[in-house]
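Per the UniProt record's numbering, the very first residue in the sequence shown carries number 1; after that it's consecutive. What follows is a short report on a single structure.
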Amino acid sequence: MTALTDIGVTAPSYDELVARVLDGAIGPDPRTERIAVAFTTRQAVRHEGRSGGYRNEVLSLRLAEAVGSCAVEPGGLPDGAVDDCVGADVARLLEHELLPVRVAALDAYLMHALPHGPANGARSFPLPAGTSLEKSRARARAVVELIDAAPGATVVVVGVVNSLLEALRARGLAYVPCDLKGGTTEWGEPVRTDALAELERCDAVLASGMTLGNGSFEPLRQHAQRHGKPLVMFAQTGSAVLPRLIGAGVSAVCAEPYPFFWLDGGPGTIHRYGAAL
Numbered sequence: 001m002t003a004l005t006d007i008g009v010t011a012p013s014y015d016e017l018v019a020r021v022l023d024g025a026i027g028p029d030p031r032t033e034r035i036a037v038a039f040t041t042r043q044a045v046r047h048e049g050r051s052g053g054y055r056n057e058v059l060s061l062r063l064a065e066a067v068g069s070c071a072v073e074p075g076g077l078p079d080g081a082v083d084d085c086v087g088a089d090v091a092r093l094l095e096h097e098l099l100p101v102r103v104a105a106l107d108a109y110l111m112h113a114l115p116h117g118p119a120n121g122a123r124s125f126p127l128p129a130g131t132s133l134e135k136s137r138a139r140a141r142a143v144v145e146l147i148d149a150a151p152g153a154t155v156v157v158v159g160v161v162n163s164l165l166e167a168l169r170a171r172g173l174a175y176v177p178c179d180l181k182g183g184t185t186e187w188g189e190p191v192r193t194d195a196l197a198e199l200e201r202c203d204a205v206l207a208s209g210m211t212l213g214n215g216s217f218e219p220l221r222q223h224a225q226r227h228g229k230p231l232v233m234f235a236q237t238g239s240a241v242l243p244r245l246i247g248a249g250v251s252a253v254c255a256e257p258y259p260f261f262w263l264d265g266g267p268g269t270i271h272r273y274g275a276a277l
């Protein structure tokens with residue numbers, strides 16, 4: 001697997017990316033771009049045949065034809081956050097006190113300015129119609145293919161998704177599951193709550209875009225960049241943000257904009273960046 005370089009606009013860090021957006025260096029003036037619709041999506045799931053389940057909550061902002069999203073801990077978003085966003089310009093929201101609002105606003109802006117597609121470095125990957133578990137497994141295979149690591153390598157997984165762990169097993173990759181919620185995996189393995197403490201013993205990192213919204217992304221990016229380790233992001237949160245950080249610690253991204261695979265049983269599309277398969 002070799003890296004691709006034709007991905008268009010990139011930045012050396014998340015903060016620099018925000019600064020360039022605010023300066024109007026990437027697209028239209030964010031002070032003139034207003035959010036028309038803001039909404040949250042709440043989900044609870046337990047796949048057939050799985051012993052446990054989970055919940056998701058996502059803040060999404062609509063800018064013209066684009067939707068940007070940021071996952072939050074269920075119940076963690078203040079009631080007034082959605083009202084704050086409606087009618088507000090992107091520049092104002094990029095300076096909002098809530099990090100998830102800032103991330104969703106940046107994602108919406110970049111989805112509008114640099115939509116997923118070949119012109120901006122994306123390769124589409126079709127997800128077949130099916131049950132939630134079938135679609136979860138199909139997405140997991142698409143994500144894990146992006147990891148440039150040989151069988152036997154150890155991957156720190158930040159944001160535990162059992163289908164991803166299953167796909168890593170199928171590739172012969174060892175993993176250290178990490179999630180702030182702790183608990184155990186489907187196979188009874190303990191989930192570590194401090195991903196940063198596990199990084200030194202890994203060969204690669206596989207992380208959820210949700211790390212953008214909880215503030216844990218930057219240390220992962222810096223570690224990967226400093227040590228030359230692959231950092232692959234699976235991104236419902238920040239699907240248009242993370243591709244712009246390829247080459248600055250991020251090696252590949254599986255981008256999944258709203259609507260997510262778990263919202264519909266029909267066929268769908270995800271977008272992969274930064275690796276030749």
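Backbone N, C-alpha and C fix where the C-beta goes; we use that ideal spot for every residue, glycine too.
Backbone CA spacing between residue i and residue j [nearest angstrom]
| i | j | result |
| --- | --- | --- |
| Pro-177 | Val-160 | 6 Å |
| Ala-195 | Gly-68 | 26 Å |
| residue 280 | Gly-188 | Here the chain has residues from 1 to 277 only, and residue 280 is not among them. |
| Arg-139 | Glu-198 | 25 Å |
| Val-9 | Phe-261 | 27 Å |
| Leu-17 | Ala-153 | 32 Å |
| Gly-228 | Asp-83 | 42 Å |
| Leu-99 | Val-58 | 13 Å |
| Arg-92 | Arg-42 | 26 Å |
| Ala-25 | Ser-132 | 40 Å |
| Ala-108 | Pro-78 | 20 Å |
| Val-21 | Ala-119 | 19 Å |
| Asp-89 | Leu-173 | 44 Å |
| Thr-5 | Val-232 | Low local confidence applies: a pLDDT of 43 at Thr-5 is under 50, so the model's placement there is unreliable, with the coordinate-based value given in what follows. Straight-line Cα distance between these residues: approximately 16 Å. |
Outcome for residue i when other beta-carbon atoms lying within 10 angstroms are tallied against a minimum of 16
| i | result |
| --- | --- |
| Leu-146 | buried |
| Lys-181 | exposed |
| Leu-263 | exposed |
| Pro-151 | exposed |
| Pro-267 | exposed |
| Asp-29 | exposed |
| Pro-126 | exposed |
| Gly-274 | buried |
Selection from the options that minimises the alpha carbon distance to residue i
| i | options | result |
| --- | --- | --- |
| Asp-15 | Asp-89, Thr-32, Ala-204 and Glu-218 | Glu-218 |
| Val-253 | Thr-193, Ala-153 and Ala-122 | Ala-122 |
| Arg-272 | Glu-33, Leu-22, Gly-117 and Ala-71 | Gly-117 |
| Ala-19 | Leu-110, Ala-36 and Gly-274 | Leu-110 |
| Asn-162 | Glu-186, Gly-228, Gly-274 and Pro-126 | Glu-186 |
| Pro-230 | Leu-245, Gly-265 and Arg-169 | Leu-245 |
| Ser-239 | Ser-208, Asn-214 and Pro-267 | Ser-208 |
| Ala-149 | Leu-206, Glu-65 and Glu-97 | Leu-206 |
| Thr-40 | Arg-34, Val-86, Ala-64 and Gly-27 | Val-86 |
| Gly-75 | Gln-222, Asn-56, Met-233 and Val-45 | Asn-56 |
| Val-250 | Thr-211, Gly-265, Tyr-258 and Pro-257 | Thr-211 |
| His-112 | Cys-202, Pro-128, Asp-179 and Arg-34 | Arg-34 |
| Tyr-258 | Asp-203, Arg-62 and Ala-44 | Arg-62 |
Inter-residue CB distance, residue i and residue j (contact presumed, cutoff 8 Å)
| i | j | result |
| --- | --- | --- |
| Val-191 | Leu-164 | Val-191 to Leu-164, Cβ: 13 Å. No contact. |
| Thr-237 | Ala-81 | Incorrect: roughly 15 Å between the Cβ atoms, too far for contact. |
| Ser-124 | Thr-269 | 5 Å |
| Ala-248 | Ala-11 | 7 Å |
| Val-158 | Leu-168 | That pair is no contact at about 13 Å. |
Can you check the stretch 74 to 112 for any alpha helix (DSSP H) of at least 4 residues that lies completely inside it and give the ranges in chain order? Listed in chain order, the complete alpha helix (DSSP H) runs (minimum 4 residues) inside the stretch 74 to 112 are 81 to 85 and 90 to 93.
In the UniProt domain "Putative heavy-metal chelation" (143 to 227), which residue ranges form an unbroken alpha helix (DSSP H) of at least 4 residues, counting only runs that do not cross its ends? Listed in chain order, the complete alpha helix (DSSP H) runs (minimum 4 residues) inside the UniProt domain "Putative heavy-metal chelation" (143 to 227) are 162 to 170, 210 to 214 and 217 to 227.
In chain order, each alpha helix (DSSP H) run of at least 4 residues that lies wholly inside the stretch 114 to 147: Entirely contained in the stretch 114 to 147, the alpha helix (DSSP H) runs reaching 4 residues are, in chain order, 132 to 144.
Could you name each continuous beta strand (DSSP E) segment of 3 residues or more that falls completely within the stretch 20 to 51, going from the start of the chain to the end? Listed in chain order, the beta strand (DSSP E) runs fully inside the stretch 20 to 51 are 37 to 45, counting runs of at least 3 residues.
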